[in-house]
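**Q** Numbering (the working numbering), first residue to last: 400 to 739. Idealized CB from N, CA, C, for every residue including glycine. Predicted, not measured: the structure shown is a model, and the values here were computed from it. One structure, pasted below without further comment.
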């Protein structure tokens with residue numbers, strides 16, 4: 400494809416595009432933090448109790464992998480009143496965790512203190528001070544409608560709650576651990592060892608062939624329509640770049656010759672950090688492994704946009720780093736099919 404062809408709009412009214420796989424100065428855009436997690440202040444003994452007594456402290460509620468949602472956004476209420484209401488119906492939170500303080504740019508007043516209540520079972524809306532129109536929902540169910548602050552809090556709350564759920568006992572001796580540091584550390588009372596939240600690094604990558612086409616793949620039924628970037632977990636002792644090379648070859652038999660980091664996204668379901676790359680290859684053929692990847696296809700930019708608009712394929716949602724990586728290669732916004 401010539402440079403002149405690569406910047407031609409792919410459908411009427413589309414904006415002019417950047418060269419395929421263009422690396423912007425900022426790579427993937429960096430979203431500023433909306434919550435100060437207060438790593439220094441949360442170590443103060445009794446700080447959660449102090450925040451509960453403060454009138455301006457808000458709380459969000461999770462149970463398992465679902466959060467309380469109202470009007471399409473994460474439900475928040477005064478922490479003390481909400482705690483009293485939950486306790487009155489025997490739904491006292493098993494964990495109360497400090498999420499941080501709202502920063503300028505958040506849709507909450509700067510400095511608003513935020514707690515997470517983790518309850519053992521979902522509480523019926525209309526009880527415990529929870530509005531009748533609130534619902535329990537998973538992040539994926541409501542992510543498209545959440546505010547940026549709601550998204551940040553839902554992701555943070557899910558990540559720390561998931562960690563607690565899987566790390567209730569000391570890995571050294573099996574003794575039940577105690578929660579400290581506002582919910583961000585667990586200590587073993589038997590051997591005094593300290594245990595902190597962990598995330599699992601995973602690479603996610605756009606692979607670009609010698610002719611500028613993009614390789615996308617998918618799992619599940621071979622005739623399914625969903626296509627996305629390739630991805631996989633980083634193994635112990637591996638560099639991120641080595642993981643890119645290995646995962647791409649294992650999944651589709653393509654040999655990566657170079658790759659570059661572009662950006663990241665937390666995906667705490669249960670505990671991943673997605674590290675985005677773009678990579679190039681001299682290979683023009685891809686062979687799915689038949690296990691993780693059951694279909695693989697090369698797309699030019701024109702082919703990809705037309706296939707999406709026709710409904711022949713679907714690609715990752717706009718809230719995901721996979722979509723950001725695909726559109727980075729594309730050089731602009733990919734329009735979704737109407738009604739999709």
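(1) Whose C-beta lies closer than 6 angstroms to the C-beta of residue 589 among residues of the same chain, with five residues either side of it excluded?
(2) Would residue 559 pass as a contact of residue 674 if the rule is Cβ separation under 9 angstroms?
(3) Do residue 626 and residue 694 come within 9 angstroms of each other at the CB atom, strictly closer than that value?
(4) With distances taken between CB atoms, is the gap from residue 545 to residue 471 smaller than 9 angstroms?
(5) Under three-state DSSP, which class holds residue 435?
(6) Where do the N-terminal and C-terminal ends of the alpha helix (DSSP H) with residue 466 fall, by residue?
(7) When the Cα atoms are used, what is the spatial distance from residue 730 to residue 703?
(8) Specify the secondary structure class of residue 719 as computed by DSSP and reduced to three states.
(9) Between residue 562 and residue 596, how many whole angstroms is the CB-CB distance? I'm expecting something under 8 angstroms.
(10) Beta strand (DSSP E) containing residue 680: first to last residue?
(11) Since residue 696 sits in a beta bridge, which residues does DSSP pair it with?
(12) Below 8 angstroms, how does it come out for the stretch 528-536 and the stretch 505-515: are there three or more Cβ pairs, yes or no?
(13) Can you tell me which of the three DSSP states residue 509 falls into?
(14) How about residue 517 and residue 461: are their beta carbons less than 9 angstroms apart?
(15) Touch check for the stretch 710-728 and the stretch 649-664: three-plus C-beta pairs under 8 angstroms?
(16) Beta-carbon within less than 6 angstroms of residue 438's beta-carbon, same chain only, minus the 5 sequence neighbours each way: which residues are those?
(17) Going along the chain, which residues of its own chain have a beta-carbon closer than 6 angstroms to the beta-carbon of residue 524, five neighbours each way excluded?
(18) Comparing alpha-carbon positions, which option in 466, 448 and 569 lies nearest residue 554?
(19) Would the beta-carbon of residue 688 fall within 9 angstroms of that of residue 650?
(20) How should residue 736 be labelled, buried or exposed, when 16 other C-beta atoms within 10 angstroms of its C-beta is the threshold for buried?
(21) Give me the DSSP bridge partner(s) of residue 586.
(22) May I have the straight-line CA-CA distance separating residue 631 from residue 456, to the nearest angstrom?
(23) Would a C-beta distance cut-off of 9 angstroms place residue 598 and residue 672 closer than the cut-off?
(24) With DSSP as the reference, identify every bridge partner of residue 362, one or two as the case may be.
(25) Kindly indicate which three-state DSSP category residue 548 falls into: helix, strand or coil?
(26) Could you check which residue in 638, 446 and 617 has the C-alpha nearest to that of residue 513?
(27) By the 10 Å Cβ neighbour count, where 16 or more other Cβ atoms means buried, how is residue 635 classified, buried or exposed?
(28) To the nearest angstrom, report how far apart residue 454 and residue 586 are at their CA atoms.
(29) Determine the closest residue to residue 436 out of 490, 580 and 492, with distance taken between C-alpha atoms.
(30) Just to confirm, is the Cβ distance from residue 655 to residue 680 under 9 angstroms?
(31) Measure the C-alpha to C-alpha separation of residue 710 and residue 464 and round it to an integer number of angstroms.
(32) Might you give, ordered along the chain, the residues of its own chain that have their beta carbon closer than 6 angstroms to the beta carbon of residue 669, omitting 5 neighbours on each side?
(33) May I ask you to list the residues that DSSP assigns as paired with residue 632?
(34) Please state whether DSSP places residue 773 in a helix, a strand or coil.
(35) Taking residue 486 as part of the beta strand (DSSP E), name the residues at either end of that continuous run.
(36) What does the Cβ neighbour count give for residue 492, buried or exposed, with the cut at 16 atoms within 10 Å?
**A** The relevant details are as follows:
(1) Counting from one through the chain shown, the residue named residue 589 turns up at place 190. The residues 572 and 574, in chain order, have a CB closer than 6 angstroms to that of residue 589 in the same chain once the five nearest residues on each side in sequence are set aside.
(2) Counted from its first residue, the chain shown places residue 559 at position 160. Counted from its first residue, the chain shown places residue 674 at position 275. Going by beta carbons, residue 559 and residue 674 fall outside the 9 angstroms limit.
(3) Your numbering for residue 694 matches position 295 in the chain shown. Your numbering for residue 626 matches position 227 in the chain shown. For the 9 angstroms CB-CB criterion, residue 694 and residue 626 form a contact.
(4) In the chain shown, residue 545 corresponds to position 146, counting from 1. In the chain shown, residue 471 corresponds to position 72, counting from 1. Yes, Cβ-Cβ distance for residue 545 and residue 471 is below 9 angstroms.
(5) If you number the chain shown from 1, residue 435 lands on position 36. Collapsing the DSSP output to three states places residue 435 in a strand.
(6) Your numbering for residue 466 matches position 67 in the chain shown. Residue 466 -> not in any alpha helix (DSSP H); beta strand (DSSP E) instead, spanning 465-469.
(7) Numbered from 1 along the chain shown, position 331 holds the residue referred to as residue 730. Numbered from 1 along the chain shown, position 304 holds the residue referred to as residue 703. In this structure, the alpha-carbon of residue 730 lies about 12 angstroms from that of residue 703.
(8) By 1-based counting over the chain shown, the position of residue 719 is 320. Correct three-state label for residue 719: coil.
(9) Taking the first residue of the chain shown as position 1, residue 562 is located at position 163. Taking the first residue of the chain shown as position 1, residue 596 is located at position 197. Between the beta-carbon of residue 562 and that of residue 596 there is about 4 angstroms, and that keeps the pair under the 8 angstroms contact cut.
(10) Here residue 680 refers to the residue found at position 281 of the chain shown. From DSSP, the beta strand (DSSP E) with residue 680 extends over 671-680.
(11) For the purposes of this step, residue 696 is taken as the residue at position 297 of the chain shown. Answer is 615, bridged to residue 696.
(12) Contact between the stretch 528-536 and the stretch 505-515 is absent, because fewer than three Cβ pairs lie under 8 angstroms.
(13) Position 110 of the chain shown, counted from the first residue, corresponds to residue 509. Correct three-state label for residue 509: coil.
(14) Within the chain shown, numbered from 1, the residue matching residue 517 stands at position 118. Within the chain shown, numbered from 1, the residue matching residue 461 stands at position 62. The answer is yes: Cβ separation under 9 angstroms.
(15) In short, these stretches touch, since the Cβ pair count reaches three.
(16) Position 39 of the chain shown holds residue 438. Correct list: empty, nothing qualifies.
(17) Translated into the one-based positions of the chain shown, residue 524 becomes position 125. Excluding residues within five positions, the ones whose Cβ falls inside 6 angstroms are 531 and 533.
(18) Locating residue 554 in the chain shown gives position 155, where the first residue counts as 1. Closest option to residue 554, Cα to Cα, is 466.
(19) Counting from one through the chain shown, the residue named residue 688 turns up at place 289. Counting from one through the chain shown, the residue named residue 650 turns up at place 251. Contact flag set, yes.
(20) As a working note, residue 736 is residue 337 in the chain shown. Label assigned to residue 736: exposed.
(21) Here residue 586 is taken as the residue at index 187 of the chain shown, counted from 1. Residue pairing by DSSP puts residue 586 in a beta bridge opposite 577 and 593.
(22) On the chain shown, position 232 is the one that residue 631 refers to. On the chain shown, position 57 is the one that residue 456 refers to. So the two alpha carbons sit approximately 39 angstroms from each other.
(23) Position 199 of the chain shown holds residue 598. Position 273 of the chain shown holds residue 672. In contact: residue 598 and residue 672 (Cβ atoms closer than 9 angstroms).
(24) Absent from the structure is residue 362, since the part of the chain shown begins at 400 and ends at 739.
(25) Counting from one through the chain shown, the residue named residue 548 turns up at place 149. The answer is helix: DSSP assigns residue 548 an H, G or I state.
(26) Looking up residue 513 in the chain shown gives position 114. It is 446.
(27) On the chain shown, residue 635 is found 236 positions in, with the first residue counted as 1. Exposed is the call here.
(28) Your numbering for residue 454 matches position 55 in the chain shown. Your numbering for residue 586 matches position 187 in the chain shown. One C-alpha to the other measures close to 30 angstroms.
(29) Taking the chain shown and counting its residues from 1, one reaches residue 436 at position 37. Per the Cα distances, 580.
(30) Along the chain shown, one-based indexing puts residue 655 at 256. Along the chain shown, one-based indexing puts residue 680 at 281. Going by C-beta atoms, residue 655 is nearer than 9 angstroms to residue 680.
(31) Counting from one through the chain shown, the residue named residue 710 turns up at place 311. Counting from one through the chain shown, the residue named residue 464 turns up at place 65. So the alpha carbons of these two residues sit roughly 31 angstroms apart.
(32) Taking the first residue of the chain shown as position 1, residue 669 is located at position 270. Contacts found: 561.
(33) Along the chain shown, one-based indexing puts residue 632 at 233. Secondary-structure assignment with DSSP links residue 632 through a beta bridge to 601.
(34) There is simply no residue 773 to check, as the chain begins at 400 and stops at 739 in what is shown.
(35) Indexing the chain shown from 1 puts residue 486 at position 87. Counting along the chain, no beta strand (DSSP E) covers residue 486; the unbroken alpha helix (DSSP H) around it starts and ends at 478-487.
(36) Taking the chain shown and counting its residues from 1, the one referred to as residue 492 is at position 93. Looking at its Cβ environment, which holds 16 or more other Cβ atoms inside 10 Å, residue 492 is buried.
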